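Engineer: Could you have a look at this structure, given as structure tokens, before my questions?
Residue numbers (my numbering), protein chains in the order written: chain B, 78 to 313; chain G, 4 to 212.
This is how it looks when you write it as structure tokens:
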């Protein structure tokens, strides 16, 4: 027990000291995950909107695929992406394997279905009169869409926060296509896995504390959003 | 401004809802559109407002003045008004902002007209039924429409709220704004309508017929 307590204190001290190597790893995690989220966000909202408001052949199939992708293990995404990006793979010429862009691509694949599924639910739960009211008051299609985004903003923010939580904490895909290269592709989760394997627990615990603090922040933000959103309350 | 409906045919689930060979709606008219539940009153109002396209036929807007193009000439108000998830004043400002117009004085006037000036900073979803209807009317009025379409505006309103809405509608009509009020029953609001139209047996019967 004393050993655990000692490790925890050392980890907190390392965090407080502003250890460059440790915070560099945190920086890689945030840089990769925020990039993936920003790239995926607008197309995912567009797909969610189309699935919610338009009826076309194969719509149910598209929704089923999106829902199925929610549960795909990160290592499976990593495996498929590894095969595509490896030298012998169809995308091997781009030499993306073991780079940050490869990690970003993997995390886009992971967060896209979450963003689509949750925005689809948000749009479906939105009052059908929103678009009609906006249109009758003079909004063009784009302005009406922006109004709808505003009306379901808390539900959409919840989607963003959930998607970010999923990708910042994933380890399988980042490890496989990132390669865990120090100062480049080593992020929080791959570093924890490595340090634990080496028996060096202090840095692992310090990074774990960062992830736990982030998780707490995300859940508190979600709770606050839920208390402020009519749409979220209707969905829950 | 005039609205001209030509050869309107509307079906629902393969069944004819209504057919209107020709109809001209002049701004300034006060019309009570009668019809039983399910006769298609709301659908017709949304077609007139340009929110829905008819199965067949067309609706033309003929403007007398060029500036009428710049604003929503026909505004449709739902049976239960949808208020944007913000405060009362921002709801009134919504349409003005869409066309890039900053006019606090106009917003103040509309709020005062609807007796909402004292609660302009309140969250819109905290308003009562009557206040919601008045806010929806103020939000429309501030845009200077030619015709307002009200879908069952009297339902779920108490007498005091009805009286206020009635005053507002009369006020609007005196300023030259026409309105069509769809309701399956007579009420305080429909009594002021100079024209009565009936949607029944899949036909629209106006007082010209």
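Backbone N, C-alpha and C define an ideal beta-carbon position, used for all residues, glycine too. No experiment lies behind these values; they were computed from the predicted model shown.
#1: What is the DSSP secondary structure of residue 262 of chain B, counted as helix, strand or coil?
#2: Would you tell me roughly how many angstroms separate the C-alpha atoms of residue 122 of chain G and residue 35 of chain G, rounded to the nearest one?
#3: When you compare the CB of residue 214 of chain B with every CB in chain G, is at least one pair closer than 9 Å?
#4: Check residue 79 of chain B in the structure and name its three-state DSSP category.
#5: Under the rule that 16 or more other beta-carbon atoms within 10 Å means buried, what is residue 218 of chain B, buried or exposed?
#6: Please confirm whether residue 95 of chain G and residue 151 of chain G have their CB atoms less than 9 Å apart.
#7: In this structure, how does DSSP classify residue 192 of chain G when only helix, strand and coil are distinguished?
#8: Taking only runs that begin and end inside the region 150–182 of chain B, name each unbroken alpha helix (DSSP H) of 4 or more residues, in chain order.
#9: Is there a C-beta anywhere in chain G that falls below 9 Å from the one on residue 132 of chain B?
#10: For residue 141 of chain G and residue 254 of chain B, what's the separation of their Cα atoms in angstroms?
#11: In chain order, what residues of the same chain have a beta carbon less than 7 Å from the beta carbon of residue 143 of chain G, not counting five sequence neighbours either side?
#12: Measuring alpha carbon to alpha carbon, tell me which residue in B:272, B:277, B:176 and B:244 is nearest residue 152 of chain B.
#13: Are residue 300 of chain B and residue 196 of chain B touching if we call contact CB-CB under 9 Å?
#14: To the nearest angstrom, report how far apart residue 258 of chain B and residue 89 of chain B are at their CA atoms.
#15: Please tell me whether residue 126 of chain B has its Cβ less than 9 Å away from any Cβ of chain G.
#16: Residues in the same chain with beta-carbon distance under 8 Å from residue 52 of chain G, minus the five sequence neighbours each way, listed in chain order, please.
#17: Among residues of its own chain, excluding the 5 on either side of residue 314 of chain B, which ones have a beta-carbon nearer than 7 Å to its beta-carbon?
#18: Could you round the C-beta distance between residue 42 of chain G and residue 202 of chain G to whole angstroms and report it? I think they count as a contact, below 8 Å.
#19: Assign residue 279 of chain B to one of three DSSP states: helix, strand, or coil.
#20: From what residue to what residue does the beta strand (DSSP E) around residue 15 of chain G run?
#21: Output yes if chain B places a C-beta closer than 9 Å to the C-beta of residue 101 of chain G; else output no.
#22: Taking the continuous beta strand (DSSP E) assigned at residue 19 of chain G, which residues delimit it?
#23: Within the continuous beta strand (DSSP E) that includes residue 60 of chain G, where are the two ends?
#24: Count the other CB atoms, across all protein chains shown, that sit within 10 Å of the CB of residue 181 of chain G; report buried if there are 16 or more and exposed otherwise.
#25: How should residue 200 of chain G be labelled, buried or exposed, when 16 other C-beta atoms within 10 angstroms of its C-beta is the threshold for buried?
#26: Chain B partners of residue 78 of chain G, CB-CB under 8 Å?
#27: Consider the Cβ of residue 220 of chain B: report whether some Cβ of chain G lies at a distance smaller than 9 Å.
#28: With a threshold of 8 Å on Cβ separation, who are the neighbours of residue 198 of chain G within its own chain once the five nearest residues in sequence on each side are excluded?
#29: Mind reading off the beta-carbon distance from residue 48 of chain G to residue 154 of chain G? Whole number of angstroms is fine, and I expect it under 8 Å.
#30: Have a look at the DSSP bridge pairing and note the partners of residue 199 of chain G.
#31: Can you grab the Cα-Cα spacing for the pair residue 208 of chain B / residue 100 of chain G, in whole Å?
#32: Please report how far the alpha carbon of residue 82 of chain B lies from the alpha carbon of residue 159 of chain B, in whole angstroms.
#33: Could you tell me whether any Cβ in chain G is nearer than 9 Å to the Cβ of residue 206 of chain B?
#34: Short of 7 Å in beta carbon distance, which residues of its chain neighbour residue 203 of chain B, apart from the five on each side in sequence? Order them along the chain.
#35: Under a Cβ-count criterion, where at least 16 other Cβ atoms within 10 Å of its own Cβ denotes burial, should residue 172 of chain B be classed as buried or exposed?
#36: Use the C-beta contact count for residue 88 of chain G: other C-beta atoms within 10 angstroms, 16 or more gives buried, fewer gives exposed.
Structural biologist: On the basis of the coordinates in this document:
#1: coil
#2: 31 Å
#3: At least one CB of chain G lies nearer than 9 Å to the CB of residue 214 of chain B.
#4: In this structure, residue 79 of chain B counts as helix in the three-state DSSP scheme.
#5: exposed
#6: Cβ distance not < 9 Å, so residue 95 of chain G and residue 151 of chain G don't count as in contact.
#7: Residue state, collapsed to three classes: coil.
#8: 151–162
#9: no
#10: 58 Å
#11: 78, 80 and 151
#12: B:244
#13: no
#14: 24 Å
#15: no
#16: 77, 78, 79 and 152
#17: Outside the modelled stretch of chain B, which goes from 78 to 313, sits residue 314 of chain B, for which no answer is possible.
#18: The pair is a contact, with the Cβ atoms about 5 Å apart (cut-off 8 Å).
#19: helix
#20: 5–15
#21: yes
#22: 18–29
#23: 59–65
#24: buried
#25: A residue is called buried when at least 16 other Cβ atoms come within 10 angstroms of its Cβ; residue 200 of chain G meets this threshold and is buried.
#26: 213 and 214
#27: For residue 220 of chain B, the answer is yes, since a Cβ of chain G falls inside 9 Å of its Cβ.
#28: 32, 33, 34, 35, 209 and 210
#29: 6 Å
#30: Residue 199 of chain G has G:35 as its beta-bridge partners, per DSSP.
#31: 16 Å
#32: Spanning the alpha carbons of residue 82 of chain B and residue 159 of chain B requires a straight line of approximately 39 Å.
#33: yes
#34: 225, 228, 229 and 308
#35: exposed
#36: buried
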